[in-house]
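Reviewing the structure listed below.
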Amino acid sequence: MQRSAILGIAILATAIGTASAADKGTVVVVGSGQSGQPMARILVDQGYDVRVMTRNPAKASGLPAAAKVVAGDATRPDTLGAGLKGADYVIATIGSACERDKPFPAGAGPEDVDYLGIQKLAQASKAAGVRQFVMLSSIGAGNTDPK
């Protein structure tokens with residue numbers, strides 16, 4: 091991951107981390123990739139109760155031991171409720187990683203993750219009573235290739 095991306099994640103986590111220790115709550119980091127992993131580490135270090143929501147918990151690696159891994163797929167709203175229950179904050183770090191020739195499941199594409207998935211996740215977060223929803227995006231960052 092580029093240094094600027096890690097710095098951006100640290101700034102975002104610090105902004106959320108301004109609550110006193112007594113006010114800290116549960117943060118669900120959605121995504122266990124290049125942004126989700128460092129975000130989870132920073133938040134655990136700051137004393138938050140951290141859940142990492144990922145489509146395939148068996149493949150989640152590089153996460154701090156204190157982070158609880160839960161299953162959930164933003165493109166399937168029926169999978170989100172249990173992982174969001176009781177959360178105070180949600181940080182969405184998902185992205186389709188739009189790459190040339192990347193296979194997507196049965197007719198799905200980047201719009202299903204980067205637009206509709208975020209929309210469904212935000213709606214599910216609101217329904218679960220989450221206090222704050224943050225979306226971290228790197229779409230188009232560092233790549234000038236229009237394809």
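Note that my numbering numbers the sequence shown so that position 30 is 120, with each residue one more than the last. Glycine is no exception: its CB is placed at the ideal position from the N, C-alpha and C atoms. All values reported here derive from a predicted model rather than from experimental measurement.
| Asked | Found |
| --- | --- |
| Exposed unless 16 or more other CB atoms sit within 10 angstroms - verdict on A111 | Confidence is the limiting factor: at A111 the pLDDT is only 48, short of 50, which leaves the residue's position unreliable, though a coordinate-based value still follows. A111 is exposed by the Cβ-count criterion. |
| Rounded straight-line distance, which links the Cα of A214 to that of P167 | 7 angstroms |
| Under the three-state DSSP convention, the category A120 falls into | It should be pointed out that residue 120 corresponds to Val in this sequence rather than to Ala. Reduced to three states, the DSSP call for V120 is strand. |
| Minimum C-alpha distance to G207 - residue among G121, T116, D139 and A157 | G121 |
| Beta-carbon proximity check, A218 vs L170, cutoff 9 angstroms | yes |
| Pair within 9 angstroms by beta-carbon distance, A177 and A157 | no |
| Option nearest A155 by Cα separation, candidates V140, F223 and A172 | V140 |
| Beta carbon of A212 nearer than 9 angstroms to that of A172 | no |
| Burial state of Y138, where buried means 16 or more other Cβ atoms lie within 10 Å | buried |
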